[in-house]
Each structure stands twice: as C-alpha cells, then as structure tokens.
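Residue numbers (our numbering): 2 to 146.
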C-alpha cells in the first residue's frame, strides 16, 4: 500500500531497541505516542493523516477500498491468532470503524472485533456513515499518533 514516509529509513532496526515501550495492548501492533522513529515532518503528516493520501491510488487501482479494515503489515499478521485472520477476508480500507472511534487508543483485540463486526454488517449506508465520521476524526486528530 502506498503511503508517505513518516519514519526514518532504519525504523525497523530501531524498533528492536524500543519494543519494550509499546503502549498498545495486545502486543501485535506497536504504538508509542512519542515514537522516536518518526521524523519531525512525519509527526505533522501523521497528525493530519496526510500520510494516508497516497492510498487513494490503491483505491483507484482496486487494491483497497475507501472503507474496510486497515491493511496489516506482514510481521503483524504473523502474530495473529486464527480468529484475528478473519479481518483479512475483505479488501483493506483507508478508513474503518475503529479509525473513527479512537484510532490508536483502541486496543488491538477491540480493533479486530470492530473490523469483524463491520465485515458482517457492511452496507452502503454504513460506508457513507463511516466516511462522514472520518472527516471530524481526521480534523480533530483524535487518537492520531
């Protein structure tokens, strides 16, 4: 998936040194409010969700949809429990239910639960509602880090 780079090039190597500082419950995702791997420009583009804009290209070419579970990194998927993998059964999206309900403040297990609920209840009405809720979520930067 396309994205503007917001981290230093050696971010994966730096991760090993700070893994013990993970603020995300569940251990699958790594999140730190003051992640030292993020560049100063990266902080700005993440806060404003500008780093996600290139994913519109992924939507245009059919690799992603506007609404759906967020794309997962391979190293995250390798840590998934079997039940977590159900969220991979649909195209990933630029926005989703947990993106508009707290973003990084929502623990991984709750993100999976919300994604799976979305998959079973998805509809055009729900997608439009989530797209509309995305606007204030991005503008207010709730849970964005």
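Ideal placement from N, C-alpha and C gives every residue a C-beta, glycine not left out. These numbers were taken from a predicted model, which means no experiment stands behind them.
- Exposed is the label assigned to residue 41, since fewer than 16 other Cβ atoms lie within 10 Å of its Cβ.
- In this chain, the beta strand (DSSP E) harbouring residue 96 covers 94-96.
- Secondary structure of residue 66 (DSSP, three-state): strand.
- Relative to residue 11, the option among 30, 25 and 37 whose CA is nearest is 37.
- For residue 107, the three-state secondary structure derived from DSSP is coil.
- Taking C-beta atoms under 8 Å as the contact rule, residue 70 and residue 93 qualify, at a distance of about 6 Å.
- Excluding residues up to 5 positions away in sequence, 28 and 29 lie with their Cβ nearer than 8 Å to the Cβ of residue 80 in the same chain.
- Apart from the 5 residues on each side of it in sequence, residue 7 sits with its Cβ closer than 6 Å to the Cβ of 39, 43, 46, 47 and 52 in its chain, given in chain order.
- The residue among 142, 19, 54 and 65 with its C-alpha nearest the C-alpha of residue 104 is 142.
- Under the DSSP assignment, residue 128 falls in the alpha helix (DSSP H) whose first and last residues are 125-141.
- Scanning its chain for C-beta atoms nearer than 6 Å, with the 5 sequence neighbours on each side dropped, one finds around residue 120 the residues 91, in chain order.
- For residue 75, the enclosing alpha helix (DSSP H) covers residues 75-78.
- It is roughly 14 Å from the alpha-carbon of residue 128 to the alpha-carbon of residue 115.
- Taking C-beta atoms under 8 Å as the contact rule, residue 131 and residue 97 qualify, at a distance of about 7 Å.
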